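Numbers in this note's numbering are just positions in the sequence shown, counted from 1, shifted up by 2.
Glycine included, C-beta positions come from ideal geometry on N, C-alpha and C.
As the structure is a prediction and not an experimental result, all values here were calculated from the model.
These notes are about the structure you will find just below.
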Amino acid sequence: MNYKVVEKFVSINGEGQRSGELAVFIRLAGCNLRCSYCDTMWANEEDVKFTPMSKEEVYDYIISTGVKNITLTGGEPLMAEEISELIDYITRDESLFLEIETNGSIDISPFRRKSVDNLSFTMDYKGGTSKMEKHMLLSNFEVLSPADTVKYVVGSREDLIKARDLIEEYKLVERCKVYFSSVYKEIELDEIVEFMKEFNLNGVRLQLQMHKFIWDSEERGV
Ligand SMILES: C[S@@+](CC[C@H](N)C(=O)[O-])C[C@H]1O[C@@H](n2cnc3c(N)ncnc32)[C@H](O)[C@@H]1O
Ligand SMILES: Nc1nc2[nH]cc(C(=O)O)c2c(=O)[nH]1
Ligand code: SF4
Ligand SMILES: [Mg+2]
């Protein structure tokens, strides 16, 4: 089985629990959603150029970098055929830590491995601004573990209000990490902070896409 790799690179992880640390990025082609704000829509085009790589070739590339954090992303990585083989192949090396960026529309339970503790999901909840909210699979909230993250990429107060409601309904802060991220340049960052203060959102963390402060926001391979 070959995976459609559109990008592979080492950078600083700009998002999530390991942001600021080095990470190897494996970006796969294709996505089942079309978020209004997607900053990687080029990877989802039908005719996007990719390098077909086997799980062994992906693993060998990862090892060649000497970097221990891996971010498997896309596009939507969990929609790739036989993706669990790649996930299992990478995580069998306990010196590596695999983080999967996923869009919240795909059931993550088949990929959860009880015995594996070097795998974490960073799962979006797509709010109204994305125009993809109807695709959210709420049952995923029951599958998340303390190692995982729910990421709300917010572009409006309505997105924030929905996030707050779900955080409360599913007691998410007790279940996993909860991050707010801004749709890039769509919402004033202090509006998010004021919202967190207004509703005493203890345990929720505001993240900024660090890589967009280091490089141009359109830059690829970073
Ligand atoms: C490109 S997506 C790929 C993984 C997966 N398809 C998803 O959406 O979670 C990686 C992350 O970038 C975020 N993202 C995409 N476009 C963005 C933007 N314009 N501003 C902020 N975050 C963005 C997504 O919400 C997601 O958390
Ligand atoms: N530097 C950097 N960090 C990231 N963390 C998650 C990313 C993603 O596109 O999934 C990403 C990305 O595209 N670049
Ligand atoms: S799910 Fe992720 S890759 Fe797909 S369109 Fe939305 S942000 Fe882009
Ligand atoms: Mg990105």
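Check whether the region 155–165 and the region 184–199 are in contact - that is, three or more C-beta pairs closer than 8 Å. yes
Can you confirm whether the region 107–118 touches the region 138–156 when touching is taken to mean that 3 or more C-beta pairs between the two stretches lie within less than 8 Å? yes
List in chain order: all unbroken beta strand (DSSP E) runs of 3+ residues lying wholly within the region 76–145. 99–104 and 121–127
Relative to ligand 3, is the shortest distance from any of its heavy atoms to the C-beta of residue 35 smaller than 6 Å? yes
In its own chain, which residues sit with a C-beta less than 6 Å from the C-beta of residue 23, not counting the 5 before and 5 after it? 15 and 71
Smallest Cα separation from residue 41: which of 93, 177 and 77? 77
Could you tell me the boundaries of the beta strand (DSSP E) in which residue 179 lies? 179–184
Quick one: is the Cβ of residue 120 within less than 6 Å of any heavy atom of ligand 3? no
Run the CB neighbour count on residue 68, radius 10 Å, all protein chains shown included, and call it buried at 16 or more, exposed below. exposed
Check whether the Cβ of residue 16 sits closer than 6 Å to any heavy atom of ligand 2, and report yes or no. yes
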